[in-house]
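Data first, discussion second: the structure below is written as structure tokens.
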Amino acid sequence: MPDSAYADWYARLMRLITAQDAVPIAFADYYDTRQGWEIGWGSGVFVEAPPLLPR
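Numbering (the numbering used here), first residue to last: 4 to 58.
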């Protein structure tokens with residue numbers, strides 16, 4: 004069964020990656036990861052963390 008929340012999140016992630024021409028950074032010691040994943044080092048552009056798996 005497809006997970007539409009994850010598919011929607013992934014589509015947002017790919018749009019930001021394409022627009023910024025940069026890779027996502029899921030973890031770094033220098034910023035609060037509650038902001039999500041930063042697109043490129045130091046860009047200030049974030050996408051929220053992926054949704055939790057459905058149970």
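Idealized CB from N, CA, C, for every residue including glycine.
Check, Outcome
"Endpoints, the beta strand (DSSP E) within which residue 40 is located", "40-42"
"Residue span of the alpha helix (DSSP H) that contains residue 37, given as start and end", "Looking at the DSSP string, residue 37 is not in any alpha helix (DSSP H), and its letter there is neither H nor E."
"For residue 28, the nearest candidate out of 14, 40, 7 and 17 (CA to CA)", "40"
"Assumed close pair residue 43, residue 25 - CB separation to whole angstroms, cut-off 8 Å", "3 Å"
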